[in-house]
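Below: the structure, in structure tokens.
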Amino acid sequence: LKQERFISVLCIALSKHDCSIIISAIHSWKAYYTGTTGLSQFPEFVALNLIDDQLMGYFDSQTNRFKSQFKWMEDNLGKDYDDQQTNILQGHATTFKVDATTLMKRFNQTQGVHTNQVMLGCEFDDQTGETNGFNQHGYDGEDFLHLDLKESRWISPVQQGIITVQKWNKDTGNTEYWKQYFSTVCIEWLKKYVQYGKSSLEKTVSPQVFLLQKSSSSSVSCHATGFYPSEVKISWMRNDEDHDEDVDLGELLPNEDGTFQKTSELKVTPEELKKNEYSCVVEHQGKTIRKTLTDDVFFQCNSSGSFPIGIIVGVLVAIILLIVIGVVVFKVYQKKKGETETQILLSSLC
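All residue numbers for the sequence shown refer to our numbering, where the first residue is 840 and numbers rise by one.
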């Protein structure tokens, strides 16, 4: 992940917006923790909590305060919820700062921009009842270690992570607790969140579809945005026949209003465009939208590349969800009355 993109992600994260959660067969709760060094203009620590991949809470070490993103959170969890999360994440920020030094030593680094990231969470299928948990770590955008719940052991693909893996695997109580946490505590809170936000789940919004091209010689993008729920299919046709050559389908991205966007890019020469008729077909919730490539439907970007702001925001928000996550050991307090699902104590790697 390029540092410029990472910086942009934090910029967008800092401009927090309310959004809606989605309804689907599989629901998830995720926590993303990101620590940085060498970026003086950005928070050293940022935390994002997401419900069904929608931002539900935000914290950074500059504001030093957790902020819920949904009104239903305040209505059902109370104002104390933000206070509890603030106290927890302030501790995490301190731990990440200590671990930054440890990690740089392990990788023989003395300076520069570095990222230390963690992603953990759980999910359940509301149709089958199946549950799952995940605890993944990374450093400088590369896999560092992860917890294999089926094997009840930590695994690291790099030599620098072996010390941590050996230490954690000796503590069998560590992995057993995580298995219990992901199968019970985390799932219970996830189900509560889904129930609390139920009124936000029942909606369908059709996509807007745009054909975008920066110049006559560049690729053509079919951009579907503003749709809800997230399931969508984008395909191309050439002369009324399916066409899947030289097509690059992008990732599903969240918009700041809780809807989604997705882009499919077609690489085609100006000569081919003149000789053939190309169409983009978008299917969503039983509705089909077809756009044919003609001069009047192209959105010609100017020299500064000023795509619609919704596209840019969605891309930047999504990048933080794609960061491969960082290095810190977790120990979770046993659930007590009034305790939240993310009361997790981060232990230093020292």
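Think of the CB as a built atom: it goes at the ideal place given N, C-alpha and C, for glycine as much as any other residue.
Remember, it's a predicted structure, so these values are computed and weren't measured experimentally.
Inset, instruction - Check the C-beta distance from residue 1103 over to residue 1076 and give it rounded, since I have them as a contact under 8 Å. - result: Not quite, the Cβ-Cβ distance comes to about 12 Å (not below 8 Å), so this is no contact.
Inset, instruction - Apply the 10 Å Cβ neighbour rule to residue 977 and answer buried if 16 or more other Cβ atoms are within range, or exposed otherwise. - result: buried
Legend entry - Buried/exposed call for residue 962, threshold 16 Cβ in 10 Å: buried
Legend entry - First through last residue of the beta strand (DSSP E) which encompasses residue 1067: Careful: residue 1067 lies outside any beta strand (DSSP E) and carries neither H nor E.
Legend entry - residue 883, buried or exposed, once every other Cβ within 10 Å from all chains shown has been counted against 16: buried
Legend entry - Stretch-stretch touch, CB-based, cutoff 8 Å, three pairs: the segment 906-914 with the segment 1001-1018: no
Inset, instruction - For residue 1115, count neighbouring Cβ atoms within 10 angstroms of its own Cβ and tell me buried if that reaches 16, exposed if not. - result: exposed
Inset, instruction - For residue 1081, name the three-state secondary structure that DSSP assigns. - result: strand
Legend entry - Rounded separation between residue 1144 and residue 1055 - CA only: Unreliable positioning characterises residue 1144 in this predicted model, as indicated by a pLDDT of 40, which lies under 50. The coordinate reading is nonetheless provided below. The alpha-carbon atoms of residue 1144 and residue 1055 are separated by roughly 14 Å.
Inset, instruction - Along the beta strand (DSSP E) that carries residue 1024, what are the first and last residues, could you check? - result: Segment: none, residue 1024 is in no beta strand (DSSP E) and carries neither H nor E.
Legend entry - Nearest-angstrom Cα separation, counted from residue 1084 out to residue 1113: 17 Å
Inset, instruction - Measure the Cβ-Cβ separation of residue 951 and residue 877 and say whether it is below 8 Å. - result: yes
Legend entry - Reduced DSSP secondary structure (H/G/I, E/B, other) of residue 979: coil
Legend entry - N- and C-terminal bounds of the beta strand (DSSP E) containing residue 988: Counting along the chain, residue 988 falls outside any beta strand (DSSP E), and DSSP gives it neither H nor E.
Legend entry - Span separating the alpha-carbon of residue 974 from that of residue 1082: 39 Å
Legend entry - Burial state of residue 1046 (16 or more Cβ within 10 Å): buried
Inset, instruction - Taking 8 Å as the cut-off, decide whether the C-beta atoms of residue 995 and residue 988 are in contact. - result: no
Inset, instruction - Report the option in 956, 967, 964 whose CA atom is closest to the CA atom of residue 982. - result: 956
Inset, instruction - Go through its chain and collect everything with a Cβ distance to residue 949's Cβ below 8 Å, but skip five positions before and after it. - result: 943
Inset, instruction - Name, in chain order, the residues that DSSP records as bridge partners for residue 886. - result: 872, 898
Inset, instruction - Starting from the N-terminal side, write out each stretch of the beta strand (DSSP E) that is 3 residues or longer and does not extend beyond the segment 918-954. - result: none
Legend entry - Inter-residue spacing [alpha-carbon to alpha-carbon] between residue 1078 and residue 867: 41 Å
Legend entry - Distance, residue 998 Cα to residue 1053 Cα: 44 Å
Legend entry - Spatial neighbours of residue 928 in its chain, beta-carbon cut-off 7 Å, leaving aside the 5 residues before and after: 886, 898, 905
Inset, instruction - Classify residue 1055 as helix, strand or coil using the three-state DSSP reduction. - result: coil
Legend entry - Sequence-distant residues of the same chain with beta carbon closer than 6 Å to residue 863, five excluded per side: Any reading at residue 863 is ruled out, since the residue's pLDDT is 46, under 50, leaving its predicted position unreliable.
Inset, instruction - Using only alpha-carbon positions, find the residue among 1124, 938, 1035, 921 that is nearest to residue 1070. - result: 1124
Inset, instruction - Might you give, ordered along the chain, the residues of its own chain that have their beta carbon closer than 8 Å to the beta carbon of residue 1029, omitting 5 neighbours on each side? - result: 866, 867, 868, 890, 961, 962, 963, 1180
Inset, instruction - Report the rounded CA-to-CA distance for residue 1042 versus residue 953, giving the unit in angstroms. - result: 41 Å
Inset, instruction - Starting from residue 1009, trace the alpha helix (DSSP H) both ways and give me its first and last residue. - result: 1001-1009
Legend entry - Length of the line joining the Cα atoms of residue 914 and residue 1049: 38 Å
Inset, instruction - Give the DSSP bridge partners of residue 1117, in chain order. - result: 1077
Inset, instruction - Closer than 6 Å by C-beta to residue 991: which residues in its own chain qualify, once you throw out the five before and the five after it? Chain order, please. - result: 1014
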